[in-house]
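Participant: Got a structure for you, questions after.
Numbering (this note's numbering), first residue to last: 19 to 460.
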């Protein structure tokens, strides 16, 4: 396991290169080498000195590497400027290194340390390459939410080490676990996902972050929260209880509430960020059922949402680079100036509303079955959430593609081959992973 970690560390030397294509090739080598060396099974593999991997960590790590590759492709404008390009590359590789430590660590304290350390490269990306001066306020929101969520988690880790003598993620605590420990273990990850009520930092971050920051937030950081919940449930035991009922209800209600918020948004990035909160609410509810269907659907939704939401942010950034605005009031008539770009808008909006054959469809089916098996009363909220999901995706597509193109934009730069390839590399795995569903079976 450590050979992969040291290989990622050695890639930091490539930050001295000016060619993003060579960096992409190195990351693709990691993907191929990792897939050929790992065993996709329910058992742990390559276990050594507190490190190891199972198929959940493998899938999410490969998602992180894939999103990192697409981040480099989407941030070619940074390569053109000689100022800060090396720091940008170093931040991305440092984030990838921290993520690999998170996914492959068995030690609870090491897991916590790198989970919190992963925020540092994200903060550097937002502050260094954000679009507006208000990005400092988003930095403040992010710090406040993460600190308030992580301090109880740190205290609970000390309590577990003192009273339960369990410092590993996969050794369940013996005896009855108190309510404080249960909530302290999960709050940090509910903030990271984020669950409705803890989501204000995500909206601020997405609005002010560059496209690379939005991609890593939507594609990876939200999945880290779901991964952390799965690992924490190993400690407390996979037992459904009334203790988790408040989080289950908030998650299932957030789909309807956030769907209504999406229908009144005029900013593309805000609408996409709100849709991320709605999807993560269903993931939380599925995990809180502690059932086979819920866990499998949550894993599918995390991977599918990571690819789909990242692609939508890329599309919003393509329009922002050409028009200087993300407003749906000004960003009309894309269909009249670029029909091929409009086609990708249709593909990603349809995938975001869970149309076949996207992985989001299978994730929602599994989540719906898991949630209904826990409570049939949830059917009302599932139907309402699905309806609003389709409504705000149709609103996003129709508002941006139809109508008269804004006359204040004197010219519209043609979409390059690199940008088409970037969108295609988001869409193809999102809609072809249904062919290998055995990867997601827990």
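Beta carbons: idealized from backbone N, C-alpha and C, even for Gly. Keep in mind it's a predicted model, so treat the numbers as computed, not measured.
Just to confirm my understanding: we take residue 159, look at its own chain, exclude 5 residues before and 5 after, and list those with CB closer than 8 Å. What are they?
Facilitator: For residue 159, where only same-chain residues beyond five positions count, the Cβ hits under 8 Å are 218, 219, 222 and 223.
Participant: State the Cα-Cα distance for the pair residue 120 and residue 351, rounded to the nearest angstrom.
Facilitator: For residue 120 and residue 351, the distance between alpha carbons rounds to 44 Å.
Participant: Would residue 329 pass as a contact of residue 410 if the rule is Cβ separation under 7 Å?
Facilitator: No, these two residues do not count as a Cβ contact at 7 Å.
Participant: Throw me the rounded Cβ distance for the residue 316 and residue 389 pair, which I believe falls under 8 Å.
Facilitator: Incorrect: roughly 11 Å between the Cβ atoms, too far for contact.
Participant: Taking all protein chains shown into account, decide if residue 371 is buried (16 or more other Cβ within 10 angstroms of its Cβ) or exposed.
Facilitator: Its Cβ being crowded by 16 or more others within 10 Å, residue 371 is buried.
Participant: What runs of the beta strand (DSSP E), each 3 residues or longer, lie entirely inside the segment 234–292?
Facilitator: The qualifying runs do not exist here; there are none.
Participant: Residues in its own chain within less than 7 Å of residue 165 by CB, not counting five upstream and five downstream?
Facilitator: No residues qualify anywhere along the chain.
Participant: Report the three-state DSSP secondary structure of residue 71 (helix, strand or coil).
Facilitator: Correct three-state label for residue 71: strand.
Participant: Would you say residue 68 and residue 129 are within 7 Å of each other, going by their C-beta atoms?
Facilitator: The answer is no: Cβ separation not under 7 Å.
Participant: Is the beta carbon of residue 333 less than 7 Å from the beta carbon of residue 284?
Facilitator: No, Cβ-Cβ distance for residue 333 and residue 284 is not below 7 Å.
Participant: Mind checking which residues open and close the alpha helix (DSSP H) that includes residue 212?
Facilitator: Segment: none, residue 212 is in no alpha helix (DSSP H) and carries neither H nor E.
Participant: When the distance is taken between beta carbons, is residue 418 closer than 7 Å to residue 342?
Facilitator: No, the Cβ-Cβ distance between residue 342 and residue 418 is not below 7 Å.
Participant: Which two residues bound the contiguous alpha helix (DSSP H) that contains residue 167?
Facilitator: Segment 153–177, the alpha helix (DSSP H) holding residue 167.
Participant: Find the nearest neighbour of residue 337 within the set 177, 106, 359 and 453, judged by alpha-carbon distance.
Facilitator: Residue 337 has its Cα closest to that of 359, out of 177, 106, 359 and 453.
Participant: Would the beta-carbon of residue 236 fall within 7 Å of that of residue 136?
Facilitator: The answer is no: Cβ separation not under 7 Å.
Participant: On the three-state DSSP scale, how would you describe residue 345?
Facilitator: Residue 345: strand per DSSP, three-state reduction.
Participant: Does the Cβ of residue 268 have 16 or more other Cβ atoms within 10 Å, making it buried, or fewer, making it exposed?
Facilitator: Buried, by the Cβ-count rule.
Participant: Answer yes or no: do residue 311 and residue 415 have a C-beta to C-beta separation smaller than 7 Å?
Facilitator: No.
Participant: Going by C-alpha distance, which of 439, 293, 292 and 376 is nearest residue 90?
Facilitator: Among 439, 293, 292 and 376, the Cα nearest to that of residue 90 belongs to 439.
Participant: Run through the DSSP bridge pairs and tell me what residue 458 is partnered with.
Facilitator: DSSP, once it has assigned bridges, lists no residue as partnering residue 458.
Participant: Would you mind working out which of 393, 239 and 46 sits nearest residue 263, comparing C-alpha positions?
Facilitator: Comparing Cα-Cα distances from residue 263 to each of 393, 239 and 46, the minimum goes to 393.
Participant: Would you mind reading off the limits of the alpha helix (DSSP H) that contains residue 465?
Facilitator: Outside the modelled stretch of the chain, which goes from 19 to 460, sits residue 465, for which no answer is possible.
Participant: Could you please give me the residues that DSSP links to residue 123 through a beta bridge?
Facilitator: 69.
Participant: Determine the closest residue to residue 435 out of 94, 76 and 78, with distance taken between C-alpha atoms.
Facilitator: Cα-wise, what sits closest to residue 435 is 94.
Participant: So, do the segment 364–379 and the segment 228–248 have three or more beta carbon pairs nearer to each other than 8 Å?
Facilitator: The segment 364–379, when compared against the segment 228–248, does not touch it at the 8 Å Cβ threshold.
Participant: Can you say whether residue 104 is buried or exposed, counting buried as having 16 or more other CB atoms within 10 angstroms of its CB?
Facilitator: With fewer than 16 other Cβ atoms within 10 Å, it is exposed.
Participant: Quick check on the DSSP output: the alpha helix (DSSP H) that includes residue 374 runs from which residue to which?
Facilitator: No alpha helix (DSSP H) holds residue 374; DSSP gives it neither H nor E.
Participant: At which residues does the alpha helix (DSSP H) containing residue 142 begin and terminate?
Facilitator: Where residue 142 is concerned, the enclosing alpha helix (DSSP H) stretches over 137–147.
Participant: So, helix, strand or coil for residue 419, using DSSP?
Facilitator: Residue 419 falls in the helix class under three-state DSSP.
Participant: For residue 447, I'd like the list of residues in its chain whose CB is within less than 8 Å of its CB, leaving aside the five on either flank, ordered along the chain.
Facilitator: Contacts found: 84 and 325.
Participant: The alpha helix (DSSP H) that contains residue 352, what's its start and end?
Facilitator: Counting along the chain, the alpha helix (DSSP H) containing residue 352 begins and ends at 352–355.
Participant: Exposed or buried, what is residue 225 when buried is set at 16 or more other beta-carbons lying within 10 Å of its beta-carbon?
Facilitator: When all chains shown are included, residue 225 counts as buried.
Participant: How many whole angstroms separate the CB atoms of residue 172 and residue 252, which I take to be in contact at a CB cut-off of 8 Å?
Facilitator: No, residue 172 and residue 252 are not in contact; Cβ-Cβ is about 18 Å, not under 8 Å.
Participant: Of all the options 361, 273 and 207, which has the alpha carbon lying nearest to the alpha carbon of residue 407?
Facilitator: The shortest Cα separation from residue 407 among 361, 273 and 207 belongs to 273.
Participant: Where do the N-terminal and C-terminal ends of the alpha helix (DSSP H) with residue 224 fall, by residue?
Facilitator: Residues 218–226.
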